[in-house]
Amino acid sequence: MADLLAGLEPPADPLPDSAPLADRLRPQALDEVVGQEHVTGAEGAIGRMVAAGRLSSLILWGPPGTGKTTIARLLADAVGLRFAPISAVFSGVADLKKVFAEAKLAARTGQRTLLFVDEIHRFNRAQQDGFLPYVEDGTVTLVGATTENPSFELNAALLSRAQVLILHRLGATALNKLLDRAEALMERALPVTPAARDALVASADGDGRFLLNQAETLWSVDIAEPLDPAGLGAFLQRRVAVYDKDREGHYNLISALHKSIRGSDPQAALYYLARMLTAGEDPLFVLRRLIRAAVEDIGLADPNAVVQCVAAKDTYDFLGSPEGELAIVQACLYLATAPKSNAAYKAQKAAWRAAKETGSLMPPANILNAPTKLMKQIGYGADYAYDHDAADGFSGANYWPDEMEPQAFYQPTDRGFEKRLSERLAWWDERRKGRE
Numbered sequence: 003m004a005d006l007l008a009g010l011e012p013p014a015d016p017l018p019d020s021a022p023l024a025d026r027l028r029p030q031a032l033d034e035v036v037g038q039e040h041v042t043g044a045e046g047a048i049g050r051m052v053a054a055g056r057l058s059s060l061i062l063w064g065p066p067g068t069g070k071t072t073i074a075r076l077l078a079d080a081v082g083l084r085f086a087p088i089s090a091v092f093s094g095v096a097d098l099k100k101v102f103a104e105a106k107l108a109a110r111t112g113q114r115t116l117l118f119v120d121e122i123h124r125f126n127r128a129q130q131d132g133f134l135p136y137v138e139d140g141t142v143t144l145v146g147a148t149t150e151n152p153s154f155e156l157n158a159a160l161l162s163r164a165q166v167l168i169l170h171r172l173g174a175t176a177l178n179k180l181l182d183r184a185e186a187l188m189e190r191a192l193p194v195t196p197a198a199r200d201a202l203v204a205s206a207d208g209d210g211r212f213l214l215n216q217a218e219t220l221w222s223v224d225i226a227e228p229l230d231p232a233g234l235g236a237f238l239q240r241r242v243a244v245y246d247k248d249r250e251g252h253y254n255l256i257s258a259l260h261k262s263i264r265g266s267d268p269q270a271a272l273y274y275l276a277r278m279l280t281a282g283e284d285p286l287f288v289l290r291r292l293i294r295a296a297v298e299d300i301g302l303a304d305p306n307a308v309v310q311c312v313a314a315k316d317t318y319d320f321l322g323s324p325e326g327e328l329a330i331v332q333a334c335l336y337l338a339t340a341p342k343s344n345a346a347y348k349a350q351k352a353a354w355r356a357a358k359e360t361g362s363l364m365p366p367a368n369i370l371n372a373p374t375k376l377m378k379q380i381g382y383g384a385d386y387a388y389d390h391d392a393a394d395g396f397s398g399a400n401y402w403p404d405e406m407e408p409q410a411f412y413q414p415t416d417r418g419f420e421k422r423l424s425e426r427l428a429w430w431d432e433r434r435k436g437r438e
């Protein structure tokens, strides 16, 4: 057990320079914890407990790298409790029994124990039940850490004896503060431009530990000139090949077919289709590209385009060659002569980019389901507006995360069916503005 806990116990002496940067930068007091002031501040639940000198059992629920372990350790120091950490990943029943026995011995000398259980959701239901008598009789004050929803992962009996505190993903301000501290400790600036620093912060997705590990990687090598965002991406990520280098003609012809369809030239598209199929190309490979062209270059300007392509695939599967190839020709001609729009394709790219930049922002509480009592208590589903109850079937409610401004990823064209969609979106936008 001593070996099991050794890596988690706070060091008596300052950590050596060889220790990970994240460990060397661990806060030494609760007021040094960044990004969790809603619980650690004077008006937060933890702040009030520390001020009163009494700590109840807690479940710290939050994403990775948000300070759960650090807060637990500092809590023990702040209220004068013995800190006993275990990890549910590496511990079993025998380890728990030993921890409880040690806590009982400590209690006889007047020393209470804070039992910190990392990844507490990994203990099964029976193991979780094993905590109950020791929590109830005061042998230990339990502080559990979890990245999973306690409502689903922890026993109701355990939840009823502990207060659930939600830790937030670290925002840009908190993450930049961590980088400032790291630069002060290292006595040198990160070798990146301001724009690359912003990109580095965004890539952390609210995880302070990940951010510091990335910063340490940058400092581990000699970088002559500050990296820009592109250079940072090349340095921190691996590049993978998109295609094999052989069979160049294979990809040249499929590219020519796709671009001819996009350019609304059915004659050229049919020529390249014939070149491929008469040369023995797999018809299913061609059909996959036609379906891609339908959603990338036509999209909602003609929603039937993808239907035609899927029907061609089914027809070819049913008839085989050569009869089924006529269905492929029909799909190719339909695509080449259809109205064109890449609005859906552009919307996808913009939405994917925003998703990567904003990370794991929570949706607004009003549109979250609340199947458990705990989730209702913390505001899930409150004031949800059911659109079908509105006179025009449209509530105009907000569906975006609180920390994010609404975006307009999809911008329909005035071609084909998208012209009607554009009018519909404008109608909704007008009513949404009127209800703000």
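Just so you know, we're using this note's numbering here: the sequence shown kicks off at 3 and counts up by one.
Every residue gets a Cβ at the ideal spot worked out from N, C-alpha and C, and that includes glycine.
Predicted, not measured: the structure shown is a model, and the values here were computed from it.
**Report entry** Helix, strand or coil at E425 [DSSP, three-state]
**Finding:** E425 falls in the helix class under three-state DSSP.
Requested in this report: Spatial neighbours of M3 within its chain, please: CB distance less than 8 Å, with the 5 preceding and 5 following residues excluded, ordered by chain position.
Outcome: Bear in mind that a pLDDT of 34 at M3, under 50, signals an unreliable position, so the model cannot answer this.
Requested in this report: Confirm, please, whether the CB-CB distance from S58 to Q165 is below 8 Å.
Outcome: With respect to the 8 Å criterion, Q165 and S58 are classified as neighbours on the basis of their beta carbons.
Query raised in the report: So, does the CB of G69 fall closer than 8 Å to a CB anywhere in chain C?
Result: Checking the listed chains, one finds no chain C in this structure; it contains a single protein chain.
**Report entry** Secondary structure of F21, DSSP reduced to three states
**Finding:** The sequence shown places Ala at residue 21, not Phe. If DSSP states are grouped into helix, strand and coil, A21 belongs with coil.
Query raised in the report: What does a CB cutoff of less than 7 Å around V137 pick up in its chain, not counting 5 residues either side in sequence?
Result: So the list reads S59, L144 and R163, once near-sequence residues are dropped.
Query raised in the report: Are there three or more Cβ pairs, one per stretch, closer than 8 Å when the segment 67-79 is compared with the segment 23-40?
Result: As far as the Cβ criterion goes, the segment 67-79 touches the segment 23-40, which means the pair count is three or higher.
Requested in this report: Return the residue from the list A147, R114, K106 and E104 that minimises the CA-CA distance to D120.
Outcome: If we check each option's Cα against that of D120, A147 comes out closest.
Query raised in the report: Near P305, what residues of its chain come up, given a Cβ to Cβ distance below 8 Å and the 5 sequence neighbours on each side ignored?
Result: Answer for P305: F419, listed in chain order.
Query raised in the report: Roughly how many angstroms lie between the CA atoms of C334 and A296, to the nearest whole one?
Result: Between the alpha carbons of C334 and A296 lies a distance of about 10 Å.
**Report entry** Proximity winner among A345, D389, G210 and Y336, relative to R417 (alpha-carbon distances)
**Finding:** Ranking the options by Cα distance to R417, first place goes to A345.
**Report entry** Endpoints, the alpha helix (DSSP H) within which G132 is located
**Finding:** Annotation: G132 is outside any alpha helix (DSSP H) and is labelled neither H nor E by DSSP.
Query raised in the report: DSSP beta-bridge partners for W430?
Result: In DSSP, W430 forms no bridge with anything.
Query raised in the report: Does the segment 376-383 touch the segment 394-404, meaning 3 or more C-beta pairs lie closer than 8 Å?
Result: Not touching, per the Cβ criterion.
Query raised in the report: What do you get for P408, buried or exposed, if any count of 16 or more other CB atoms within 10 angstroms of its CB means buried?
Result: Burial call: exposed.
Report task. Give the secondary structure of D299 by DSSP, where H, G and I count as helix, E and B as strand, and everything else as coil. Result -> Annotated three-state conformation of D299 is helix, per DSSP.
Requested in this report: Could you tell me if E298 is buried or exposed, where buried requires 16 or more neighbouring beta carbons within 10 angstroms of its beta carbon?
Outcome: Flag for E298 reads buried.
Query - Spatial neighbours of I168 in its chain, beta-carbon cut-off 6 Å, leaving aside the 5 residues before and after - result: Here the set comprises W63.
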